[in-house]
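According to our numbering, the stretch in the sequence shown is residues 12 to 452, in order. Backbone N, C-alpha and C fix where the C-beta goes; we use that ideal spot for every residue, glycine too. Note that the structure is a prediction, hence the values are computed from the model and not measured. Structure first, commentary second.
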Amino acid sequence: MRSFFVRLAACVAVLGPLACSDAESTPQVEAQPNTPFGPASGAQTMDTGLQSPPAAPPDTSGNNPPSDTRTGTTPSEGQPTPVLNTPPPPPAMNTAEMPMPDPDGNQTPPPDPDGNQTPPPVAGPLVPPSTLPPFGPGAVPQPAGAVGNFRVLSWAGFKAAISFTFDDTNSSQIQRYQDLNSLGVPFTFYLITAANHVQDLQSPVWPQALRDGHEIGNHTANHMNTGSPNLAGDTDTGQATLERMFGIKVYTMAAPFGAQDYINIASSRYLINRGTPGGTIAANDNTNPFNLPCFIPNTNAPVGDFNARVDAVRAAGTWQTELVHGFNGAVHNDGAFQPVDIGVFQQAVRYAKSFGDVWIDTIAKVGAYWRAQKTVSTLTPTMANGSSTWTWTLPAHFPPGQYLRVTVSGGTLRQGDATVPWDAHGYYEIALDRGSVTLSP
Ligand SMILES: [Zn+2]
């Protein structure tokens, strides 16, 4: 608490009392709600996934639904993880345990809190193990055909992706945290750090959320709109506070009010800025990663409004981000913008999970995959002695320890001196930290 009051004092000293007052006490108007993709009627009917989906991108069409509907869940569910060659997932990617690439591009292995060494998934320099959720039928034989046809699977092989985000450090999110966490999927919480939010910011829920595998991202210190001075500085203040308070590295932000001014600010600081335009994201498309679209449900939106988004992304093979500000019944006077019913939200998440083929994960996790796929998919390999090598430079502010799932028609994949093991779910996982992969006969 002492550090909070030091910060509060500093905030008042630097910005003046008005800047530290409760700018959030009035309802926010971040963006107009989107028109749902499709009619809500019928959307609540459970789709078993047996209907033939409309044309999905080629990258996803080859993937079969998993036999285990638990795929895509997090270790917070306490379920065994049915994945091969992958140690138990570590905590959220933005916890302090995850290393940052150094300026030379070398990777530092993550320190083990117990002092034990976790075997790397492949030989060679230690890189963090993949934390992608398993997907696929299992017992898929390793491709043994002609060497070639290297391609990256969209959305880690899942049919589609959804990221649920929560903005504004709202007390109703804290109140409902256990209800949210019990859903067993990772969420992204975009926190405001200014003094008027410190009561909620100090909640033990946020460190717990990190331990449970959720992402904490930056929603700036004072949640200022277009026209306010020093939006960049306020963004940096929020980031510094989060990183100091929680011992994390923050990789993504959400623009207050979805203001366009934050696009340039985010582009030099973050992997992703989730904005508020409506829409979805396709693999390898030209969506601006610094103004990522989202779906904002109306106040007390019925579950059909949420479910229609799930149906749409499963049909199109795309990624939907969703923005919920909070739930009815805030604990104190910080009522959420367009609150929804927690029970309805839980139904919505369970509907998305029910198919088993939707990747539900944080903005940082899905966003890193999306950006890396686009980077790697556009490369032209160099050829030598019958081998093809793809060499990449990852986007700036890219989290360490990320992987892409790829397939080939045949041949051996290597990264450095290490052979990439075949995953019997139906893919190879290549470590992005390694910077290249070679396909050889
Ligand atoms: Zn906000």
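Since residue i sits in a beta bridge, which residues does DSSP pair it with?
i, result
"Trp433", "Tyr439"
"Asp178", "Tyr201"
"Ser399", "Met394, Leu450"
"Arg162", "Thr418"
"Arg285", "Ala265, Leu303"
"Phe338", "Val351"
"Ala312", "Bridge partners of Ala312: none, in fact."
"Ile292", "Trp330"
"Ala206", "Answer by DSSP bridge pairing: none, since Ala206 is not bridged."
"Ile173", "Gln331, Ile371"
Given residue i, which residues of its chain have a CB within under 6 Å of its CB, disregarding the five upstream and five downstream residues?
i, result
"Ser72", "Reliability fails at Ser72, whose pLDDT of 34 lies under 50, so the model's placement of it is uncertain and no value is given."
"Gly159", "Ser420"
"Val163", "Gln384, Val387, Ser388, Leu415, Val417"
"Ala243", "Ile276"
"Ser399", "Pro392, Leu450"
"Gly437", "Gly147, Val151"
"Gly249", "Thr204, Asn229, Thr231, Ala232"
"Gln184", "Phe177, Gly337"
"Thr252", "Thr204"
"Phe301", "Ile274, Ala277, Ser278, Asn284"
In the DSSP assignment, find the beta strand (DSSP E) that holds residue i and state where it starts and stops.
i, result
"Trp330", "329-335"
"Ala395", "393-395"
"Val448", "447-451"
"Phe417", "Sequence inspection shows Val at residue 417; the Phe mentioned does not correspond to that position. 414-418 is the span of the beta strand (DSSP E), which, as asked, contains Val417."
"Ala265", "263-265"
"Val369", "369-371"
"Ile374", "No beta strand (DSSP E) holds Ile374; the alpha helix (DSSP H) holding it covers 374-388."
"Leu424", "423-426"
"Gly228", "226-229"
Compute the minimum distance between the beta carbon of residue i and the heavy atoms of ligand 1, and state whether it is under 7 Å.
i, result
"Asp178", "yes"
"His230", "yes"
"His225", "no"
"Pro267", "yes"
"His234", "yes"
Where do the ends of the alpha helix (DSSP H) carrying residue i lie?
i, result
"Asp190", "188-192"
"Leu278", "In the sequence on display, residue 278 carries Ser and not Leu. Start and end: 272-278."
"Arg361", "353-365"
"Gln219", "216-222"
"Gly244", "242-257"
"Asp345", "Premise fails: Asp345 is in no alpha helix (DSSP H) and is neither H nor E."
"Val209", "209-212"
So, for residue i: in the same chain, excluding its five sequence neighbours on each side, which residues have a beta-carbon less than 7 Å away from its beta-carbon?
i, result
"Trp433", "Gln153, Tyr439"
"Ser14", "Note that Ser14 scores 41 on pLDDT, short of 50, meaning its location in the model is unreliable; the coordinates nonetheless yield the value given after this. Contacts found: none."
"Asp125", "Low local confidence applies: a pLDDT of 46 at Asp125 is under 50, so the model's placement there is unreliable, with the coordinate-based value given in what follows. Excluding positions up to five away in sequence, the list is empty."
"Gln357", "Asp190, Leu194"
"Ala107", "Note that Ala107 scores a pLDDT of 36, beneath 50, so its modelled location is shaky; the value from the coordinates is reported in the next line. The answer, listed in chain order, is Gly258, Ile259."
"Pro218", "Phe257"
"Val377", "Ala172, Ser174, Trp330, Trp370"
Among the residues of its own chain, which have a CB less than 8 Å from the CB of residue i, if the five just before and after it don't count?
i, result
"Ile371", "Gly83, Ala172, Ile173, Ser174, Phe175, Val196, Pro197, Val360, Ala363, Lys364"
"Glu333", "Ile173, Ser174, Phe175, Thr176, Cys305, Phe306, Ile307, Pro308, Phe317, Arg320"
"His408", "Tyr262, Arg280, Tyr281, Leu282"
Just to confirm, does residue i get its C-beta within under 7 Å of one of the non-hydrogen atoms of ligand 3?
i, result
"His230", "Here the bound small molecules are ligand 1; ligand 3 is not part of this structure."
**OP:** Report yes or no: do the stretch 219-239 and the stretch 379-389 share at least 3 C-beta pairs separated by less than 8 Å?
**Re:** no
Original post:
Using 8 Å as the threshold, is the stretch 304-317 in touch with the stretch 149-165, meaning 3 or more CB pairs across them?
Top reply: no
Subject >> Touching by the beta-carbon criterion (3+ pairs, under 8 Å), the stretch 194-201 and the stretch 171-178 >> reply: yes
Subject >> Meets three-Cβ-pair contact criterion under 8 Å: the stretch 397-409 and the stretch 445-452 >> reply: yes
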